[in-house]
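One structure below.
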Amino acid sequence: MKFKNVTLLTSDLEETLQFYEETLECPVQVIDQDSFIVQIGETQLHFQKSEEINQPFYHFAIDIPYNHFYDMKQHYQNILFLLMEDGQHTTYFESFVAHSLYFNDPSGNIVELIARVSNMTDDPEFSRISEVGFVCNELDDVYQALINHHLTTHEARSFSPEGLNFMCDSDDECYILLTPENKKWIFSDKASTAFPIAIETQDFKLTYDDKHQWSLVSL
221 MKFKNVTLLT
231 SDLEETLQFY
241 EETLECPVQV
251 IDQDSFIVQI
261 GETQLHFQKS
271 EEINQPFYHF
281 AIDIPYNHFY
291 DMKQHYQNIL
301 FLLMEDGQHT
311 TYFESFVAHS
321 LYFNDPSGNI
331 VELIARVSNM
341 TDDPEFSRIS
351 EVGFVCNELD
361 DVYQALINHH
371 LTTHEARSFS
381 PEGLNFMCDS
391 DDECYILLTP
401 ENKKWIFSDK
411 ASTAFPIAIE
421 TQDFKLTYDD
431 KHQWSLVSL
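Numbering (my numbering), first residue to last: 221 to 439.
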């Protein structure tokens with residue numbers, strides 16, 4: 221599973237566009253006055269202006285090279301306000317063999333830069349979006365639908381309808397983070413909240429709309 225396109229809403233379209241284009245130096249394509257696309261390595265991150273929902277926010281992770289983690293941390297520490305947890309700006313995940321740091325973009329999204337040991341490159345560049353939070357209170361049904369599309373939990377852990385579930389396949393280190401509402405996001409004081417989102421892979425499209433309905437369609 222790889223994320224081809226991730227679509228999010230934003231209440232701060234212009235500031236967010238400027239942030240990704242100028243601060244993070246990502247290629248940006250303006251679609252119209254209400255939307256733009258950021259190229260995050262092999263993933264397209266599509267922002268659409270939110271008309272009725274106030275201040276939607278999401279969590280997603282961007283892969284960066286493991287061998288450039290500390291250099292990139294120093295760079296972003298100089299130009300961004302890095303978030304902290306337990307007095308630290310970074311964390312290490314043993315089960316993923318990865319280092320991470322976090323910051324908020326102007327839309328309030330909790331953005332993670334994660335360096336996995338499998339990702340070694342010559343240049344300190346963004347590789348792709350590798351994790352996307354999918355917040356929904358009907359997790360059992362979404363979980364079963366993803367199982368039917370040959371996904372499973374990370375390390376075959378038991379599914380928890382009250383917790384955070386990393387859903388993946390056996391081919392790529394990409395994860396849909398299934399979580400219910402009102403769970404605190406790591407490195408943030410924000411609680412998980414369900415907002416409209418679309419996640420497109422090479423095999424399916426998973427969405428949650430403004431009527432609080434989810435769907436999963438094969439591609």
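C-beta atoms are modelled at their ideal positions from N, C-alpha and C, and glycine is treated no differently.
Assuming D423 contacts H369 (C-beta within less than 8 Å), just tell me the rounded distance between them.
6 Å
Quick check: what's the CA-CA separation for M340 versus Y240?
23 Å
Look at V248 and V258 and say whether their C-beta atoms are less than 7 Å apart.
yes
My guess is that R348 and I260 are in contact by the Cβ rule of under 8 Å, so how many angstroms apart are they, rounded?
6 Å
Pull up the distance between the alpha-carbon of M221 and that of L436, whole angstroms please.
14 Å
Beta-carbon proximity list for L366, same chain, < 6 Å, skipping 5 on both sides:
M387
Output the residue ranges of the beta strand (DSSP E) runs that lie fully inside the region 315–352 and measure 3 residues or longer, sorted by chain position.
318–324 and 330–336
Cα-Cα separation between E401 and A414, rounded to whole angstroms:
6 Å
Proximity below 7 Å, CB of H309 to CB of L302:
yes
Three-way DSSP call (helix, strand, coil) for A365 in this model
helix
Taking Cβ positions, are E332 and L397 nearer each other than 7 Å?
no
Taking buried to mean at least 16 other C-beta atoms within 10 Å of its own C-beta, is N329 buried or exposed?
buried
Endpoints, beta strand (DSSP E) assigned at Q422
Note, Q422: premise wrong, no beta strand (DSSP E); not H, not E.
Which word fits F313, buried or exposed, when buried means at least 16 other C-beta atoms lie within 10 angstroms of its C-beta?
exposed
Could you tell me the alpha carbon to alpha carbon distance between D232 and E272, rounded to whole angstroms?
13 Å
What is the DSSP secondary structure of D252, counted as helix, strand or coil?
strand
If you draw a straight line from the C-alpha of L321 to the C-alpha of W405, how long is it?
13 Å
On a CA-only basis, which of Y428, S408 and D409 is nearest P416? Give me that one, please.
Y428
Nearest CA to the CA of M304: which residue from T243, V317 and N324?
N324
The alpha helix (DSSP H) with F289 in it runs from where to where?
F289 to I299
In chain order, what are the residue ranges of uninterrupted beta strand (DSSP E) at least 3 long that sit wholly in the region 378–433?
385–388, 395–399, 417–421 and 424–428
First and last residue of the alpha helix (DSSP H) that includes L237?
L233 to Q238
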